[in-house]
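Novice: Below is a structure I'd like to ask you about.
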Amino acid sequence: MVGLLTFLRTIESSPSIVGLALGHDLTNLGLNLNSSKKNLFQSFGGPLSDFPCRIQDLDAKVPEEYLTNATIRDKLPNIKLNKLHEDVLFYLFYNCPGEVYQVAAASELYARDWRFHKIERFWLQRAAFSAPSIEIDGTYERCQYNAFDPIQWRRVPKEMVLEFADLEGKPTVPGMIQQKQNVRQQPPPSSEQNQNIPTINTTAISSLHKTIDGSLLINGAGPPPISFVLGQLKRISRGQTLPRPEVRLILSVLHENPELCAQLDSTEQFFDFFQYEPEIAGILLAFQLMYEPTNYLSNIEILLNMNIDVSLLVAANKFIQLCEYKNIKIPNDFLVKFISICISTCENGSSNGLAIDRLGFFDVFFL
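Under my numbering, residues 3 to 369 are what the sequence shown spells out, in order.
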């Protein structure tokens, strides 16, 4: 009552405060009263919200030519969530609460073997090459996991006892977003293509696998099955980060058997691999040189018109290594153009480290 009496007396001297609601602390409504901005309404989330507006909800003054949504929104290509990096999926999940894209991102993460823990409220994935899980009564297990920490925005190793009942099931994506995804199913290779592709050298995989550190054996079961290699390649092309020992294993298998690339969409996935794992792109380029010359010519033309960086050097180095290993003649036009580009970019000036990489790269050609 004392506060109310003081407020009523203050109205007499300051009539402007008469519109204030009695008994409400404005800081609890998401208002930053210490802000230097005079117009607090721009970030005010409303009286029913406990926090201010998100950045993506704030209006900003932009040039009129930026306002193209009305003319091109029906012409934009559909977002393919299966092509997005996992960090983008986590961003959609945590920054689009209650929206369709949160469910769609959760569904795609589920497809990539991530599971949401309903009690701890974080995403987790069984760690690759971890010790076999100990399952008891089919209700829980103890294993090593990678948990995604949204505060640190990184994957954190975590060993824990996991109750299966605490895991969220596969999210149901609304039919609208499913239609928009329009994920294109890849047709199997035609019989004509199969006639031109040699049989997979599984013997080479076995002999190769014996030379790799025993810790890389998958649960001690020997060489990785073809389905496992193809599955990991699909995850890499989607932007999923794999442990380096696992990537080295995949690279070793592909080095012995580049014909496995026949079961990939070499045209669409080439630049996905170039972005996320350029060595695989180099192997795929060698495969195209052997079996898909049209795709090779198209991709090599694009690559040689790019600015030379570390990724391009890594891909080209792997391409040449595999060509030498398989006794494939490296096309002269590739050598001439690539060397000329390296020399010209060195002359134009660049970082010393990259210039040394370019000059050292010539050893592959002349030694």
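Just so it is clear, CB atoms sit at the ideal spot from N, CA and C, and this is done for glycine as well.
Since the structure is predicted, the reported quantities are computational estimates derived from the model, not experimental observations.
Rounded to whole angstroms, how far is the Cβ of I285 from the Cβ of I238, which I believe are closer than 8 Å?
Specialist: For this step, residue 285 is matched to residue 283 along the sequence shown. For this step, residue 238 is matched to residue 236 along the sequence shown. Wrong, their Cβ atoms sit about 12 Å apart, outside the cutoff.
Novice: With H, G and I counted as helix, E and B as strand and the rest as coil, what does DSSP make of K339?
Specialist: For the purposes of this step, residue 339 is taken as residue 337 along the sequence shown, with counting starting at 1. K339: helix per DSSP, three-state reduction.
Novice: What separation, rounded to the nearest whole angstrom, lies between the Cα atoms of S15 and T8?
Specialist: For the purposes of this step, residue 15 is taken as residue 13 along the sequence shown, with counting starting at 1. For the purposes of this step, residue 8 is taken as residue 6 along the sequence shown, with counting starting at 1. Between the C-alpha atoms of S15 and T8 there is a straight-line separation of about 11 Å.
Novice: Can you tell me the Cα-Cα spacing of A288 and G140, whole angstroms?
Specialist: Position 286 of the sequence shown, counted from the start, is the residue given in the question as residue 288. Position 138 of the sequence shown, counted from the start, is the residue given in the question as residue 140. Taking the straight line joining both Cα atoms gives about 46 Å.
Novice: Which runs of the beta strand (DSSP E) at least 3 residues long sit entirely within the segment 69 to 141? Give them in chain order.
Specialist: Entirely contained in the segment 69 to 141, the beta strand (DSSP E) runs reaching 3 residues are, in chain order, 117 to 119, 124 to 128 and 136 to 138.
Novice: Compute the beta-carbon to beta-carbon distance between L324 and P260, rounded to the nearest angstrom, for a pair I have assumed lies under 8 Å.
Specialist: Start at 1 with the first residue of the sequence shown, and residue 324 comes out as number 322. Start at 1 with the first residue of the sequence shown, and residue 260 comes out as number 258. Correct: roughly 6 Å between the Cβ atoms.
Novice: Return helix, strand or coil for M308, following the three-state DSSP convention.
Specialist: Looking up residue 308 in the sequence shown gives position 306. Reduced to three states, the DSSP call for M308 is coil.
Novice: Give, in chain order, every unbroken run of the alpha helix (DSSP H) that is at least 4 residues long and sits entirely within the segment 248 to 280.
Specialist: 268 to 278
Novice: So, using beta-carbon positions, are Q277 and L232 closer together than 7 Å?
Specialist: Numbered from its first residue, the sequence shown carries residue 277 at position 275. Numbered from its first residue, the sequence shown carries residue 232 at position 230. No. Outside cutoff.
Novice: I'd like to check one pair, E165 with F118: are the Cβ atoms closer than 7 Å?
Specialist: By one-based count along the sequence shown, residue 118 stands at place 116. By one-based count along the sequence shown, residue 165 stands at place 163. No, the pair does not count as a contact, with Cβ atoms beyond the cut-off.
Novice: May I ask which residues mark the beginning and end of the beta strand (DSSP E) holding L164?
Specialist: Taking the first residue of the sequence shown as 1, we reach residue 164 at position 162. L164 -> beta strand (DSSP E) spans R156 to E165.
Novice: Between the alpha carbons of E88 and V338, how many angstroms are there, rounded?
Specialist: Along the sequence shown, read from residue 1 onward, the residue named residue 88 stands at position 86. Along the sequence shown, read from residue 1 onward, the residue named residue 338 stands at position 336. For E88 and V338, the distance between alpha carbons rounds to 39 Å.
Novice: Does the Cβ of W155 have 16 or more other Cβ atoms within 10 Å, making it buried, or fewer, making it exposed?
Specialist: Taking the first residue of the sequence shown as 1, we reach residue 155 at position 153. Exposed.
Novice: At the level of alpha carbons, what is the spacing between Q290 and F275?
Specialist: Here the question's residue 290 lines up with position 288 in the sequence shown. Here the question's residue 275 lines up with position 273 in the sequence shown. CA-to-CA, the gap between Q290 and F275 works out to about 14 Å.
Novice: If you reduce the DSSP assignment to three classes, tell me which class G61 lands in.
Specialist: Looking up residue 61 in the sequence shown gives position 59. Note that residue 61 corresponds to Asp in the displayed sequence, not to Gly. Coil, per DSSP.
Novice: Considering Cα atoms alone, identify which of F124, K82, M292 and D115 is closest to K331.
Specialist: The residue you call residue 331 lines up with position 329 of the sequence shown. Checking every option, the nearest Cα to that of K331 belongs to M292.
Novice: Could you tell me which residues DSSP pairs with N148 in its beta bridges?
Specialist: Against the sequence shown, residue 148 aligns to sequence position 146. Partner(s): Q127 and P159.
Novice: With C-beta atoms as the reference, is L126 less than 7 Å away from A149?
Specialist: On the sequence shown, residue 126 is found 124 positions in, with the first residue counted as 1. On the sequence shown, residue 149 is found 147 positions in, with the first residue counted as 1. Yes; because the gap between Cβ atoms is below 7 Å, this pair is in contact.
Novice: Sort L244, M162, V255 and C98 by Cα distance to P227 and report the nearest one.
Specialist: Numbered from its first residue, the sequence shown carries residue 227 at position 225. Closest by alpha carbon: V255.
Novice: Is F272 closer than 7 Å to N301 when the C-beta atoms are compared?
Specialist: Translated into the one-based positions of the sequence shown, residue 301 becomes position 299. Translated into the one-based positions of the sequence shown, residue 272 becomes position 270. Against a cut-off of 7 Å, the Cβ pair of F272 and N301 comes out as a contact.
Novice: Can you tell me whether W116 is buried or exposed? The criterion is at least 16 other CB atoms within 10 Å of its CB, across all chains shown.
Specialist: As a working mapping, residue 116 is identified with position 114 in the sequence shown. W116 should be labelled buried.
Novice: Kindly indicate the opening and closing residues of the alpha helix (DSSP H) around R237.
Specialist: The residue given as residue 237 occupies position 235 in the sequence shown. Annotation for R237: the continuous alpha helix (DSSP H) segment containing it runs I228 to S239.
Novice: With DSSP collapsed to three states, give me the class of E170.
Specialist: Taking the first residue of the sequence shown as position 1, residue 170 is located at position 168. E170 carries a coil assignment under DSSP once its states are collapsed to helix, strand and coil.
Novice: For L111, count neighbouring Cβ atoms within 10 angstroms of its own Cβ and tell me buried if that reaches 16, exposed if not.
Specialist: On the sequence shown, position 109 is the one that residue 111 refers to. With 16 or more other Cβ atoms within 10 Å, it is buried.
Novice: What does the Cβ neighbour count give for K320, buried or exposed, with the cut at 16 atoms within 10 Å?
Specialist: The count along the sequence shown starts at 1 and reaches residue 320 at position 318. K320 is buried by the Cβ-count criterion.
Novice: Quick check: what's the CA-CA separation for A62 versus Y327?
Specialist: Sequence index remark: in the sequence shown, residue 62 carries index 60 (1-based). Sequence index remark: in the sequence shown, residue 327 carries index 325 (1-based). Cα-Cα distance, rounded: 57 Å.
Novice: Please state whether DSSP places E66 in a helix, a strand or coil.
Specialist: By one-based count along the sequence shown, residue 66 stands at place 64. Helix.
Novice: When the distance is taken between beta carbons, is R144 closer than 7 Å to V175?
Specialist: Locating residue 175 in the sequence shown gives position 173, counting from the first residue. Locating residue 144 in the sequence shown gives position 142, counting from the first residue. For the 7 Å CB-CB criterion, V175 and R144 do not form a contact.
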